[in-house]
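Following: one structure in structure tokens, then a few remarks.
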Amino acid sequence: MPAQCPVCGQSFEPEPGFYFGSMYITFAFNVGTFLVLGVLIYYLLGNPDTWVYVAIITGVTVLFTPLILRYSRALMLYLFGGARYDAKWRSRHGRAS
């Protein structure tokens, strides 16, 4: 992850260790993934053996890890870092995309 946004210059790390809190958001995303997949596997596959649960949930979790990490860091930055999205920023500052 770059230190600053290449477009607006927003610092992506407001203070050292800022993203340690995003571990909790990542944990919540993973628990949600486990619960949703567990229920879907139970009802769609008719309560298969335990190894099926482990294999499917592990595979999906590994595939979604980069996405989950990025979203947890973005949520941490928006919720506690003071970053706000401004759709008109480029037009006001005269930068072309």
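The opening position of the sequence shown corresponds to residue 7 in this note's numbering, with each subsequent residue numbered one higher. In this text, a Cβ means the ideal position worked out from N, Cα and C, and glycines have one as well.
For residue i, which residues from the same chain have a beta carbon less than 7 Å from its beta carbon, with the 5 sequence-adjacent residues on both sides left out?
{"i": "isoleucine 31", "result": "Ser78, Leu81, Met82"}
Tell me whether residue i counts as near the ligand COA, meaning its Cβ is closer than 6 Å to at least one heavy atom of that ligand.
{"i": "leucine 46", "result": "Annotation note on the ligand COA: not contained in the displayed structure, which lists no ligands."}
Measure how close the beta-carbons of residue i and residue j come, nearest whole angstrom, since I'm counting them as under 8 Å.
{"i": "asparagine 36", "j": "isoleucine 74", "result": "7 Å"}
{"i": "glycine 87", "j": "phenylalanine 26", "result": "The Cβ separation is near 13 Å, so there is no contact."}
To which residues of the same chain is residue i closer than 6 Å at the C-beta, ignoring the five residues directly before and after it?
{"i": "threonine 64", "result": "none"}
{"i": "glutamate 21", "result": "none"}
If you measure between the beta carbons of residue i and residue j, is that distance less than 7 Å?
{"i": "valine 66", "j": "leucine 50", "result": "no"}
At what residues does the alpha helix (DSSP H) containing residue i begin and finish?
{"i": "arginine 79", "result": "56-86"}
{"i": "glycine 44", "result": "28-51"}
Who are the near neighbours of residue i in its chain, counting only those whose CB is closer than 8 Å to its CB and skipping five residues on each side?
{"i": "arginine 90", "result": "Tyr84"}
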